[in-house]
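Notes follow the structure.
2 protein chains.
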Amino acid sequence: MKVLVVGANGQIGRHFVKLLSDDPDHTPIAMIRNEEQISFFNSLNVESVLVSLEDSVKDIAGVMTGCDAVVFTAGSGGSTGADKTLLIDLDGAAKTIEAAHQTGTDRFLMVSAIHADRREQWGEEIAPYYVAKHHADNILRSSGLAYTIIRPGALTNDPGTGKIKAGENLERGSIPREDVAAVLYNALTNDHLFAKTFEIVAGDDDIAAALNRL
Amino acid sequence: MKVLVVGANGQIGRHFVKLLSDDPDHTPIAMIRNEEQISFFNSLNVESVLVSLEDSVKDIAGVMTGCDAVVFTAGSGGSTGADKTLLIDLDGAAKTIEAAHQTGTDRFLMVSAIHADRREQWGEEIAPYYVAKHHADNILRSSGLAYTIIRPGALTNDPGTGKIKAGENLERGSIPREDVAAVLYNALTNDHLFAKTFEIVAGDDDIAAALNRL
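As you go down the protein sequences, you meet chains F and L in turn. With positions in the first sequence counted from 1, the corresponding number in the numbering used here is that position plus 70. With positions in the second sequence counted from 1, the corresponding number in the numbering used here is that position plus 70.
Take a look at the structure:
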């Protein structure tokens, strides 16, 4: 599969691109917005394309053409304001979904956030971010694409363990970014996960087994 | 009709509530979030209910029960940040739409903004606000409710003229808030406008005639 990775230079994105680039069955395309980010992907022999999520649907569709799947793991991050949350986390996702429609790229994986459907769990400070994620996910769910929405708990930089807990409604928990990337990698071609939304935290189950029980 | 006016204390809201309160066929309920706002509605003999758009869907549904229509003319305004744009203009609208579903309140009028579907027209500074309005409108359009989405140009405090220009794709223009309220009032029971989205600016046509040509 040829896979456009949106947000490839993020920490989950880098782990995920590495996994794909080691697999002869897949070809990742790293969508990044800064020339300085190219060298990392060059070192993996991975093609990168320079497009920002603030660019147009047409620009995003332009680099998506010919891909079989999209993985959306972009985020404006904690160092920018809620204006970028609207432009990137919400509208950037919406534009990527529109581009997938335009280009016939049917498979779409979204990295969301645990409890994104449960407003009563949103703390006051994080609530604006959750609004964006909640509605981006809803746009994807009603898009008609073969989607999978993955909602990890609090992200850590601990090394991956290959073990998770997965379910539709989990308690708060954390998970290494490397394990989130491994879940994306497993889910990519797993049609059991089409049209599914689920949460993941660190746990005791092998990733493949946990996902196949969903 | 019993009509819940969300954002009743805004300038369009006040004009609209006044029009409804003068019409024996209608009963407005002013949804406001501040006790100090009650006296204005008391002076019109209009019932007010104290609920914030940051409250829960359940709270909003609680004051909507028994209403026949909802008019959403709330906005976080220019003096707060994009965090409130997410919480009020986007998620506040989404929660109000959910409450309309829960309570069987089928008629829903939304005050949106001109060019909300045309990203290429969004200036950089105003773009985050447009993202919220664009997606709130999309949520309403896919809700199954009998909606009308009204997208005025730049709002002014000039006295209303009763004359507008209406269309699906207008050039930038301005319009007095009092005329926007009059459009809402005309549209409320006009089933020709169900499931329609249109733009309005100041013009030469009588409001009723302009709307019936849409």
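Cβ coordinates follow ideal geometry from the N, Cα and C atoms, glycine included.
Problem set entry | Length-filtered (3 minimum) beta strand (DSSP E) runs lying within the stretch 197-284 of chain L | 216-222, 224-226, 233-237, 244-246 and 266-272
Exercise. Which two residues bound the contiguous alpha helix (DSSP H) that contains F/Met180?
Worked result: Going by DSSP, F/Met180 is part of no alpha helix (DSSP H) but of the beta strand (DSSP E) stretching over Arg177 to Val181.
Exercise. Along chain L, in chain order, which residues have C-beta atoms closer than 9 Å to that of F/His185?
Worked result: None at all; the shortest Cβ gap to chain L is about 14 Å.
Problem set entry | Pairwise C-alpha distance: F/Pro98 and F/Ala278 | Roughly 21 Å separates the two Cα atoms.
For this session: Label L/Asp159 either buried or exposed according to how many other C-beta atoms from any shown protein chain fall within 10 Å of its C-beta, with 16 as the threshold for buried.
Result: Of the other Cβ atoms in all chains shown, 16 or more fall within 10 Å of the Cβ of L/Asp159; this residue is therefore buried.
Problem set entry | Residues of its chain near F/Asn115, where Cβ-Cβ distance is below 8 Å and the 5 sequence neighbours each way are ignored | Within the same chain, F/Asn115 has close Cβ partners Ser91.
For this session: Scan the stretch 90-133 of chain F and note each continuous alpha helix (DSSP H) run of 4 residues or more that stays entirely inside, going in chain order.
Result: 108-113
For this session: Using the Cα positions of F/Gly136 and F/Asp176, report the straight-line distance between them to the nearest angstrom.
Result: Computed Cα separation, rounded: 11 Å.
For this session: Compare the C-alpha of F/Ala183 against each of F/Leu74, F/Arg221 and F/Arg242 and name the closest.
Result: Selection F/Leu74, F/Arg221 and F/Arg242 evaluated against F/Ala183 yields F/Arg221 as nearest (Cα-Cα).
For this session: Could you confirm whether any beta carbon from chain L is found closer than 9 Å to the beta carbon of F/Ile197?
Result: Looking at the sequence shown, residue 197 of chain F is not Ile but Ala. The beta carbon of F/Ala197 falls within 9 Å of a beta carbon belonging to chain L, placing the residue at that interface.
Exercise. Cβ of L/Ser244 within 9 Å of Cβ of L/Ala257?
Worked result: no
Exercise. Based on Cα-Cα distance, which residue from F/Glu238, F/Gly237 and F/Asp153 lies nearest to L/Tyr200?
Worked result: F/Asp153
Exercise. For L/Ala152, which of helix, strand or coil comes out of DSSP?
Worked result: helix
For this session: Pull out every residue of the stretch 152-178 of chain F whose Cβ sits closer than 9 Å to any Cβ of chain L, in chain order.
Result: Across the stretch 152-178 of chain F, CB contacts with chain L closer than 9 Å involve Ala152, Asp153, Lys154, Thr155, Leu156, Leu157, Leu160, Asp161, Ala164 and Lys165, in sequence order along the chain.
Problem set entry | Cβ-Cβ distance between L/Ile82 and L/Val250 below 9 Å | yes
Exercise. In the DSSP assignment, what residue or residues form a beta bridge with F/Lys72?
Worked result: F/Thr97
Exercise. Roughly how many angstroms lie between the CA atoms of L/Ala280 and L/Thr226, to the nearest whole one?
Worked result: 20 Å
For this session: Return helix, strand or coil for F/Ala144, following the three-state DSSP convention.
Result: Under the three-state reduction of DSSP output, F/Ala144 falls in the coil class, being neither helix nor strand.
For this session: Please compile the residues from chain L whose C-beta is within a distance smaller than 9 Å of the C-beta of F/Arg189.
Result: By Cβ distance, chain L contributes Ser126, Val127, Asp161 and Lys165.
Exercise. Where does L/Ala186 fall in DSSP's three states?
Worked result: coil
Exercise. With DSSP run on the structure shown, which of helix, strand or coil describes L/Ala78?
Worked result: coil
Exercise. When you compare only the Cα positions, how much space is there between L/Arg242 and L/Gly273?
Worked result: Their Cα atoms are separated by approximately 12 Å.
Problem set entry | Contacting residues, own chain, Cβ-Cβ under 7 Å from F/Gly230 (five flanking each side not counted) | Pro246, Glu248, Asp249 and Ala252
For this session: Compile a chain-ordered list of the residues in the stretch 200-230 of chain L whose CB is closer than 8 Å to at least one CB of chain F.
Result: Val201, Ala202, His204, His205, Asn208, Ile209 and Ser212
Exercise. Between which two residues does the alpha helix (DSSP H) carrying F/Gly193 extend?
Worked result: Note, F/Gly193: premise wrong, no alpha helix (DSSP H); not H, not E.
Problem set entry | Burial state of L/Ser218 (16 or more Cβ within 10 Å) | Residue identity differs from the one stated: residue 218 of chain L is Thr in this sequence, not Ser. Buried, since its Cβ has 16 or more Cβ neighbours within 10 Å.
For this session: Return the CA-CA distance between F/Leu179 and L/Leu215, expressed in angstroms with no decimal places.
Result: Here the alpha carbon of F/Leu179 sits roughly 30 Å from the alpha carbon of L/Leu215.
Exercise. Looking only at C-alpha atoms, which of L/Glu106, L/Phe111 and L/Asn104 sits nearest to L/Phe295?
Worked result: With chain L covering 71 to 284 only, the question about residue 295 of chain L has no answer from this structure.
Exercise. Where do the N-terminal and C-terminal ends of the alpha helix (DSSP H) with F/Lys161 fall, by residue?
Worked result: The sequence as given places Asp at residue 161 of chain F; Lys does not occur at that position. Element bounds for F/Asp161: Asp161 to Thr173.
For this session: Rounded to whole angstroms, what's the CA-CA distance from L/Asp276 to F/Ser118? Just pull it up for me.
Result: 56 Å
Problem set entry | Pair within 9 Å by beta-carbon distance, L/Met134 and L/Ala100 | no
For this session: In angstroms with no decimal places, state the Cα-to-Cα distance between L/Ala202 and F/Leu74.
Result: 26 Å
Problem set entry | Chain-order list of residues whose beta-carbon lies under 8 Å from that of L/Ile209 (same chain, five-residue window excluded) | Ala163, Ala164 and Ile167
Problem set entry | Cβ-based neighbour list, F/Ser213, same chain, cut-off 6 Å, excluding 5 preceding and 5 following | Ile167
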